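First up is the structure itself, then whatever we jot down about it.
Numbering (the working numbering), first residue to last: 6 to 255.
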């Protein structure tokens, strides 16, 4: 009778130990944030860390690893992405959860302007200024679009200067700006045109060349200020062909 009770006790003890061991082999509980916002770096990229998504995952034996199904994002990935977090425990059991990851660019462009520039009006007496004339190496971690207010300088601006604003914006709406001092010049020389002319000496024995006798349609982009000829007077001793120089100044 004693032997029978002892045997039954051993069987009961063995059965209870087996149930306890089975209870320790449960999968982890994966808990993720519903959404997170992540900003790109100055290099225009970011590598997600599993801990950024984890909101308190647990396991009764301990967590061995946290991994993501994708973790590298660049400027081309700006927007929302569903990222899966996998939680693995020390027994090799796994569980998953997911977060909406919003990839953002929060960095403003770096604007670098030339301190001052000199520009010259063109053949038509005007010049349309462009952002590249002001830019001295502006940049952004993703991209930068440069702009200036529509600006056309003319001959009336020659000799003057003004400050012009250069603005840079990226595709995420971040902006920055800087100024350049613009001085306007006219670097185009006039075009002088001469014609051959046959003239007679006056009764006094001399001839004073008239500009209209020499000029054949000289012109300048901003207008002619002064015209003169040399030599200014011809005498009897100059009978025959003579070279007369027409000077044109704008």
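We put the CB at the ideal spot given by N, CA and C, even for glycine. Remember, predicted model here, so these are calculated numbers, not experimental data.
| query | result |
| --- | --- |
| Where residue 81 sits in the DSSP three-state scheme | helix |
| Rounded separation between residue 130 and residue 172 - CA only | 27 Å |
| Proximity below 9 Å, CB of residue 88 to CB of residue 35 | no |
| Residue 3 - containing beta strand (DSSP E), residue span | Since the displayed the chain opens at 6 and closes at 255, residue 3 lies outside it and no answer follows. |
| As assigned by DSSP and simplified to three states, the class of residue 98 | coil |
| C-beta contact flag for residue 112 and residue 90 at 9 Å | no |
| Alpha-carbon to alpha-carbon, residue 166 and residue 255 | 20 Å |
| Under the three-state DSSP convention, the category residue 153 falls into | coil |
| Residues near residue 70 in its chain [Cβ-Cβ closer than 7 Å; skip 5 each side] | 93 |
| Nearest-angstrom Cα separation, counted from residue 155 out to residue 169 | 10 Å |
| Three-state secondary structure (DSSP) of residue 58 | helix |
| Secondary structure of residue 219, DSSP reduced to three states | helix |
| contact_flag[the region 95 to 110, the region 195 to 202] where n(CB pairs < 8 Å) is 3 or more | no |
| When 211, 132, 142, 42 are compared against residue 242, the one with the closest alpha-carbon | 211 |
| Cα-Cα separation between residue 204 and residue 234, rounded to whole angstroms | 15 Å |
| C-alpha distance - residue 48 paired with residue 146, whole-angstrom precision | 5 Å |
| Three-state class that DSSP yields for residue 113 in the structure shown | coil |
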